[in-house]
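Trainee: The structure's right below; bear with me while I get my questions together.
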Amino acid sequence: MPTAAAMAGSGTRPKPVYELTNVAKTYAAGEVRALEGVSLTVREGEFHSVIGSSGCGKSTLLKIMAGLTPPSKGRVILSGTPVTGARPDIGMMFQQATLFPWRTTLQNILLPIQIREGKRAAAAARSRAAALMELVGLKGFESAYPAQLSGGMAQRAAICRMLVTEPRMLLLDEPFSALDEITRDFMNMELQRICLERSASAFLVTHSIAEAVILSDVVHVMSARPGRIARSIAIDLPRPRTLEMATLPAFGAYVSEIRNLLDKGAFL
Ligand SMILES: Nc1ncnc2c1ncn2[C@@H]1O[C@H](COP(=O)(O)OP(=O)(O)OP(=O)(O)O)[C@@H](O)[C@H]1O
0 MPTAAAMAGS GTRPKPVYEL TNVAKTYAAG EVRALEGVSL TVREGEFHSV
50 IGSSGCGKST LLKIMAGLTP PSKGRVILSG TPVTGARPDI GMMFQQATLF
100 PWRTTLQNIL LPIQIREGKR AAAAARSRAA ALMELVGLKG FESAYPAQLS
150 GGMAQRAAIC RMLVTEPRML LLDEPFSALD EITRDFMNME LQRICLERSA
200 SAFLVTHSIA EAVILSDVVH VMSARPGRIA RSIAIDLPRP RTLEMATLPA
250 FGAYVSEIRN LLDKGAFL
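With numbering that gives the first Met the number 0 applied, the sequence shown covers 0 to 267.
Encoded structure:
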């Protein structure tokens, strides 16, 4: 399968999904400049990551893209229309699974549909939710409560909840950072598989350079506050990516390039 970077070079570029132009954000009546002049384009089926030092504005960027907070300046377009609030075509996932403890796993997964379309629509989506649970290895846990799930299983349930509305765009804020390394690697490969199967686009906030490189078509390196995109690096490794690719010289070269940029952070 050609990489997104290779497709970009061949002139058959997929359509833009997200287009951010000169996005800026200030907090505290302009006292805190969190983001400045952020412009980027995520195309159909592409996986992008953003990496940068703590407090450089990564989560702020994701919240703006999700329509959870407005930019102070600039434009955010998703599938041709401005993002002005929460949208059904966006799926989000955070560091904590935040499942409701009094609802079963299946009921938690169906919740976004119940909230948006009511109980009848949620009931009609049960078989879709069950298929998703099978896809992520949760078959048989439909009636289990969150307290009966391991951390990895709870995150898998959160993936199902994110996907049940069939979003084309996934926004991910360090979704697996609370998991142990082995589970995290496994979940990242699952995430890739799901994105490839559904041609979904994704935008991931991470602190892990290796995670960003193994998953992404493009890694955006942010400068220290106010966060700007210092460099966008196209990762030209074939898909599907495998964990073994971390031993390739090209992988090591990307990791070193990003680490060097981050080390110079304040001067970018
Ligand atoms: N609601 C808010 N009010 C005031 N300042 C805020 C608010 N939210 C974020 N900030 C500030 O904006 C800056 C960017 O915050 P943000 O959470 O986006 O950074 P981050 O890169 O995601 O950090 P981390 O990697 O530590 O999670 C920080 O200096 C933070 O203190």
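Where is the CB? At the ideal position from N, CA and C, for every residue including glycine. These numbers come from a predicted model, not from an experiment.
1. With H, G and I counted as helix, E and B as strand and the rest as coil, what does DSSP make of residue 18?
2. Considering only the beta carbon of each residue, do residue 109 and residue 96 sit closer than 8 Å?
3. Mind checking whether the beta-carbon of residue 222 lies closer than 7 Å to any heavy atom of ligand 2?
4. Does the beta-carbon of residue 165 have 16 or more other beta-carbons within 10 angstroms, so that it is buried, or is it exposed?
5. Just reading off the alpha helix (DSSP H) that residue 260 is part of, what are its end residues?
6. Apart from the five residues on each side of it in sequence, which residues of its chain come closer than 6 Å, Cβ to Cβ, to residue 32?
7. For a test of the three-state rule: what should DSSP assign to residue 221, helix, strand or coil?
8. How is residue 42 classed by DSSP in three states: helix, strand or coil?
9. Examine ligand 1 and report whether any of its heavy atoms sits within less than 7 Å of the Cβ of residue 54.
10. What is the rounded straight-line gap between the Cα of residue 77 and the Cα of residue 201?
11. Looking only at DSSP bridge pairs, what is residue 25 linked to?
12. Would DSSP call residue 111 helix, strand or coil?
13. Going by DSSP in three states, residue 12 sits in which element: helix, strand or coil?
14. Identify which residue in 143, 203, 150 has its Cα closest to the Cα of residue 317.
15. How would you call residue 119, buried or exposed, if buried means at least 16 neighbouring beta carbons within 10 angstroms?
16. Between 247, 227, 245, which lies nearest to residue 20 when the distance is taken from Cα to Cα?
Mentor: According to the structure data:
1. Here residue 18 sits in strand by DSSP.
2. No, Cβ-Cβ distance for residue 109 and residue 96 is not below 8 Å.
3. Looking for ligand 2 in the displayed structure turns up nothing; the ligands present are ligand 1.
4. So residue 165 ends up on the exposed side.
5. Annotation for residue 260: the continuous alpha helix (DSSP H) segment containing it runs 248–262.
6. For residue 32, same chain residues with a beta-carbon under 6 Å away, outside a window of 5 residues either side, are 25, 225 in chain order.
7. Annotated three-state conformation of residue 221 is strand, per DSSP.
8. Three-state DSSP puts residue 42 in a strand.
9. Yes, since a heavy atom of ligand 1 falls inside the 7 Å radius drawn around the Cβ of residue 54.
10. Using only the alpha carbons, I get a separation of about 13 Å.
11. Residue 25 pairs with 32.
12. Three-state result, residue 111: helix.
13. Three-state DSSP puts residue 12 in coil, outside helix and strand.
14. Within the shown structure, residues of the chain are numbered from 0 to 267, placing residue 317 beyond reach of any answer.
15. Residue 119 comes out exposed.
16. Residue 227 is the option with its Cα nearest to residue 20.
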